[in-house]
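For the sequence shown, the residue numbers in our numbering are 18 to 123. Every residue gets a Cβ at the ideal spot worked out from N, C-alpha and C, and that includes glycine. Here the structure is a predicted model, which means the values were calculated and not measured. Notes follow once the structure below has been shown.
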Amino acid sequence: MNFIKSIQDYTGSREEKFYKATLFSSDALLLGLNCLEPGQTQKPHEHAGQDKFYYVVEGRGQFQIGEDIQSASTGQVIWVPAGVIHGVSNESDARLTLLVGIAPAP
């Protein structure tokens, strides 16, 4: 198994829906990359029994965490406790790249 990976090797885009790639996965943790092009959205959803974080690798996004909506940009981390509704949208004019962790893995 390759224990070191480059985020740049996993970035991408899809016109119809935001792009997702898995970097690592075990029973304890899923670590992936989400790329949202301008105007793309990850619809609000929740993970019962799973905590989640987003690390903004590049860009700026609007993050819904429960009833709250906040903006976050490059270098910021967003925490979502298990069972809390969350989603993200890219309302900027550049790609939003997110390192995403979910524990335990789905």
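Of the residues the options, the one placed nearest residue i, counting alpha carbons only
{"i": "PHE35", "options": "ASP85, ARG112 and GLN87", "result": "ARG112"}
{"i": "GLN25", "options": "GLU32, LEU115 and ASP44", "result": "LEU115"}
{"i": "ASP85", "options": "GLY78, HIS103 and THR91", "result": "HIS103"}
{"i": "VAL74", "options": "GLY49, GLN81, ASP68 and GLY92", "result": "GLY92"}
{"i": "PRO55", "options": "GLU33, TYR71 and LEU40", "result": "GLU33"}
{"i": "MET18", "options": "LEU40, TYR27, PRO123 and VAL94", "result": "LEU40"}
Where the beta strand (DSSP E) containing residue i begins and where it ends
{"i": "ALA89", "result": "85-90"}
{"i": "TYR71", "result": "68-75"}
C-alpha distance - residue i paired with residue j, whole-angstrom precision
{"i": "SER42", "j": "VAL117", "result": "12 Å"}
{"i": "LEU46", "j": "ASP110", "result": "32 Å"}
In DSSP terms, what residue i is bridged to
{"i": "TYR27", "result": "Partner(s): none; TYR27 has no beta bridge."}
{"i": "ILE82", "result": "ASP85 and HIS103"}
{"i": "PHE41", "result": "LEU48"}
{"i": "ALA120", "result": "ASP68"}
Rounded distance between the beta-carbons of residue j and residue i, thought under 8 Å
{"i": "GLY83", "j": "SER106", "result": "No, GLY83 and SER106 are not in contact; Cβ-Cβ is about 16 Å, not under 8 Å."}
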